[in-house]
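Before any comments, here is the structure.
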Amino acid sequence: MKLNPYVLFSGNAEEALNFYKEVFGGKILMISRFGEAPQKVDDDWKQKIMHSRLEFDGNILMISDGFKGYQARTDGNIQLSVEINTVEKLNEVFSKMSEGGKVTMPLAKQFWGATFGMLQDKFGISWMFNCEDKK
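Using this note's numbering, the first residue of the sequence shown is number 1364, and each one after it goes up by one.
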């Protein structure tokens, strides 16, 4: 089994997809647009993302705009957690991801033997970043 997060947006999924691709250095594996589906879609929603897959370091993040009228919520209890292997890469990713967003817990060494920080990105998605100390 493998768990893949699926993040829904309210019309700005393509911007988010490209942002995450840049931050994580990933590759967009596929994009399906609402206009490609057999059901009727309003003209202004045809180019919106119905389904996409971003791959980075063996991870898959799926992203969609949701159906027209969908209101994405960012006040929930879900945070995406990313484990990074080096503090240098952690700092780089955390810095990029925080641009336009809000750091809720700055990166700092923690009692459990890791450098850890939290933020809400510019799309309102909550993230946790962790890098275990090398022994």
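Just so you know, even glycine gets a beta-carbon here, dropped at the ideal spot from N, CA and C.
Among the options, the one whose alpha carbon lies nearest that of residue i
{"i": "residue 1412", "options": "1459, 1370, 1478, 1463", "result": "1370"}
{"i": "residue 1489", "options": "1374, 1405, 1436, 1473", "result": "1436"}
{"i": "residue 1424", "options": "1403, 1444, 1467", "result": "1444"}
{"i": "residue 1439", "options": "1365, 1392, 1383, 1487", "result": "1487"}
{"i": "residue 1410", "options": "1378, 1385, 1421, 1383", "result": "1378"}
{"i": "residue 1375", "options": "1402, 1458, 1408", "result": "1408"}
Sequence-distant residues of the same chain with beta carbon closer than 6 Å to residue i, five excluded per side
{"i": "residue 1387", "result": "1419"}
{"i": "residue 1446", "result": "1493"}
{"i": "residue 1390", "result": "1418"}
Residue i (DSSP reduced to helix, strand or coil)
{"i": "residue 1480", "result": "strand"}
{"i": "residue 1472", "result": "strand"}
{"i": "residue 1459", "result": "helix"}
{"i": "residue 1492", "result": "strand"}
{"i": "residue 1485", "result": "coil"}
{"i": "residue 1465", "result": "strand"}
Residues near residue i by beta carbon distance below 8 Å, same chain, minus five either side
{"i": "residue 1395", "result": "1412, 1413, 1414, 1415"}
Could you pull out every unbroken alpha helix (DSSP H) segment of at least 4 residues lying fully inside the segment 1368-1455, listed in chain order?
-> 1376-1387
Using 8 Å as the Cβ pair cut-off and three pairs as the minimum, do the segment 1474-1482 and the segment 1416-1433 touch?
-> no
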